[in-house]
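In my numbering, the protein residues as written are 171 to 295. Just so you know, even glycine gets a beta-carbon here, dropped at the ideal spot from N, CA and C. Predicted model only: the values in this text are computed from it and were never measured. Below is one structure, written out as structure tokens; comments come after it.
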């Protein structure tokens, strides 16, 4: 295996011989860009055959919070309906990709059955 012309396997790239998968093991954007990967195989007579391809790594920057969402309090037995600001005013994506909101409890668990979030209207009820 050669990466960018070097026979030293890059520390940020792992190649699995069992199922022929490549895995990136770095969270750094230092390796973003195009890399020429060459797979070299030999037969019983040690005759090599090479096949190259370009691996393009695109680092994904995490979405950014633009504003905090206020805390809300509800008195028992009142109907709950909270209209949030549009997602695009609360969060942004550095690459300009569309963000998809997911509303969960503070500990990451799903909302309890008496609460629902509508992604289209941006309402928690």
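Taking contact to mean at least 3 C-beta pairs separated by less than 8 angstroms, is the segment 226-236 in contact with the segment 260-267? Flag = yes, the segment 226-236 and the segment 260-267 touch.
Output needed for residue 218: all residues of its chain with C-beta closer than 8 angstroms, excluding positions within five of it in sequence on either side, in chain order. Translated into the one-based positions of the chain shown, residue 218 becomes position 48. Spatial neighbours of residue 218 in its own chain (CB-CB distance under 8 angstroms, excluding positions within 5 residues in sequence) are listed in chain order as 210, 211 and 212.
Please name the residue in 277, 272, 282 and 193 whose C-alpha comes closest to that of residue 289. Position 119 of the chain shown, counted from the start, is the residue given in the question as residue 289. It is 272.
Starting from residue 212, trace the beta strand (DSSP E) both ways and give me its first and last residue. Taking the first residue of the chain shown as position 1, residue 212 is located at position 42. For residue 212, the uninterrupted beta strand (DSSP E) segment begins and ends at 203-212.
Which same chain residues, not among the five before or five after residue 250, have their C-beta less than 8 angstroms away from its C-beta? What you label residue 250 is simply residue 80 of the chain shown in a count that begins at 1. The residues are 244, 285, 294 and 295.
Per DSSP, residue 221 forms a beta bridge with which residues? The residue labelled residue 221 in the question sits at position 51 within the chain shown. In DSSP, residue 221 forms a bridge with 209.
Taking the alpha carbon of residue 229 as the point to measure from, which residue in 282, 184 and 204 has its own alpha carbon closest? Here residue 229 is taken as the residue at index 59 of the chain shown, counted from 1. Of 282, 184 and 204, the residue nearest in Cα terms is 204.
Who are residue 186's beta bridge partners in DSSP? The residue given as residue 186 occupies position 16 in the chain shown. Residue 186 pairs with 191.
With distances taken between CB atoms, is the gap from residue 227 to residue 201 smaller than 8 angstroms? In the chain shown, residue 227 corresponds to position 57, counting from 1. In the chain shown, residue 201 corresponds to position 31, counting from 1. Yes, these two residues count as a Cβ contact at 8 angstroms.
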